[in-house]
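Data block below; observations after.
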Amino acid sequence: MTTDTENTQHTGLNILIIDDHASDLKITARAFEKAAVKNSVESCLSAETALQMLIERSGGLEENEDRLPDLILADIKMPRMDGIEFLEQIKNNAFLKQIPVIMFTSSKNKQDVKRSYRLGASGFIQKPVEYDVLAGYIEVFNRYWTQLNQLQRDRSCSTK
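Next up, the structure:
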């Protein structure tokens, strides 16, 4: 027996990863590259840079939404603007608030988890130390976001 998800071609997502550690960005991007679903991955080393880029790309116009990522993975512990402040800025921006933001961090602080969800995070994933575990997380992440979850910005869906 086949299911609809087995018969559907799943295309990758445009993902923005924000982390102030270049090595973490590289490892995470590599895990996405090796995943079964191929995503377009872009990275930023600071939340400030990422926020400015997203604001410029949106241009304050709904028709520019195709220039924005489908979802964002953001670290919490970053200098100047941390991931929580970034999340708050995104969710308070009329043209960016629909983008799912997943906190992807080494933080084990329960308050970070609570605060992230309270501010509108779509998920909270603790970064694993081992690459094989990370690769497994990425496969599950891909399956959820490309097969199970219907993204609000998915322009391939029409309403009749």
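Just so you know, we're using my numbering here: the sequence shown kicks off at 21 and counts up by one. For each residue, glycine too, the CB sits at the ideal point set by N, CA and C. All of these numbers come straight from a predicted model, not from anything done at the bench.
Close CB contacts of residue 57 within its chain, under the 6 Å cut and outside five residues either way in sequence, are with 30, 32, 162, 166 (chain order). Per DSSP, reduced to three states, the secondary structure at residue 79 is coil, with no helix or strand assignment.
The C-alpha of residue 35 is placed about 14 Å away from the C-alpha of residue 65. The segment 147-158 makes no contact with the segment 109-121, as fewer than three CB pairs between them are under 8 Å.
Taken atom to atom, the span from the alpha-carbon of residue 134 to that of residue 141 is near 10 Å. Within its own chain, the residues whose Cβ lies closer than 6 Å to the Cβ of residue 109, once the five positions on either side in sequence are excluded, are 71, listed in chain order.
Of the candidates 41, 48, 169, 41 places its Cα closest to the Cα of residue 97. In chain order, 117, 139, 140 place their CB closer than 7 Å to the CB of residue 111, counting only its own chain and leaving out the 5 sequence neighbours on each side. Boundaries cannot be given for residue 167, as no beta strand (DSSP E) includes it and DSSP labels it neither H nor E.
Around the beta carbon of residue 132, 16 or more other beta carbons sit within 10 angstroms, so the residue counts as buried.
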